[in-house]
Each structure stands twice: as structure tokens, then as C-alpha cells.
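In full-length UniProt numbering, the protein residues as written are 1 to 158. Even glycine gets a Cβ: it sits at the ideal position worked out from N, Cα and C.
Here's what the structure looks like:
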């Protein structure tokens, strides 16, 4: 059986970039059970309420919803369990120092398969205030309007 190549995205946290300013991102492996992997391969996961934390020198991912595998029996996993993340010790130390500064948190951005192995992209992020969110939306809208004006001028041939 040929080994998988490339990257297949299972779930993304699209609201994360709206609610947080992303400082650093890290790729981490996950310790999963068999039915969790099968459920992820079926493309079923939700990162909406998920967060990560450092406890006892280990990284953990919590509140990420991976639904039970349909073909599973009594061996199925609990959908919202705490999962261990696989990171290098130096990365864990960097992350723990950053999150202890205050105002910073660890959030999952996406779950994907990289060469057949389940990975999660986590980010050290700082929560945005309400006015920051409005300003970002305004900037995006202004840029969109400017692009439309430029393309309409280009289409007119001026």
C-alpha cells in the first residue's frame, strides 16, 4: 500500500484570526486513538471551542470536538477529551514562557494530515479588543473597495 504524500486539511478555526492576533505558530503531533484517526480521515472535527495549555512540562489540547467514529463499537473514544500534543522540549519552554507573560493564550488553528500523520497547528495569540476587530474589518472593506475601483478602471481601458 503506497504511503500518503502531501497535506490534507481536516478542520480550520476561521474565527481565530478574527478574535486573536497571532504571534507564533507551531506544528505539533497528536496522541490519538484508532477511532479518532478514522473519524479525522472522514473529515469530521471542530476546533470552535478548542484551546491548548502547558501542564507539567507537557502540551495538551482540550475541548476539540472529534465525533465518534460511525463504524466504531464499544472501543469508540469520548468526543471532547484532553489530547497530548507532541512538541520539542525547547518549543514547550518557549510557549510556556510566552503564555505566562499574561494576555497570551494557545489556540488551535487547523488539524490536518501531513504525509499520513495527524498534525495540529497551534498559535500563541493575544485576544483582540472589540475596537481592534472593527478596525480590521474596516481596513479589509476599504482594501476591497480600492481593488474594485482599480479593476473597473482597468476594464474600461483607461
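DSSP-derived helix/strand/coil call for residue i
i: residue 6; result: coil
i: residue 49; result: coil
i: residue 28; result: strand
i: residue 149; result: helix
i: residue 42; result: coil
Alpha-carbon spacing of residue i relative to residue j, whole angstroms
i: residue 3; j: residue 124; result: 32 Å
i: residue 139; j: residue 13; result: 21 Å
i: residue 54; j: residue 5; result: 31 Å
i: residue 93; j: residue 45; result: 28 Å
i: residue 10; j: residue 146; result: 34 Å
i: residue 73; j: residue 64; result: 21 Å
i: residue 7; j: residue 26; result: 16 Å
i: residue 43; j: residue 69; result: 11 Å
i: residue 107; j: residue 15; result: 11 Å
i: residue 52; j: residue 22; result: 14 Å
i: residue 66; j: residue 141; result: 35 Å
i: residue 20; j: residue 122; result: 12 Å
i: residue 91; j: residue 75; result: 33 Å
i: residue 100; j: residue 143; result: 36 Å
i: residue 126; j: residue 114; result: 27 Å
Buried versus exposed, by CB contacts within 10 Å (16 or more), residue i
i: residue 85; result: buried
i: residue 119; result: buried
i: residue 148; result: exposed
i: residue 78; result: exposed
i: residue 28; result: buried
i: residue 39; result: buried
i: residue 110; result: buried
i: residue 47; result: buried
i: residue 137; result: exposed
i: residue 81; result: exposed
i: residue 87; result: buried
i: residue 153; result: exposed
For this session: Could you name each continuous alpha helix (DSSP H) segment of 4 residues or more that falls completely within the stretch 60 to 143, going from the start of the chain to the end?
Result: 89 to 100
For this session: Tell me, please, whether the stretch 34 to 50 touches the stretch 131 to 151 by the rule of three or more beta-carbon pairs shorter than 8 Å.
Result: no
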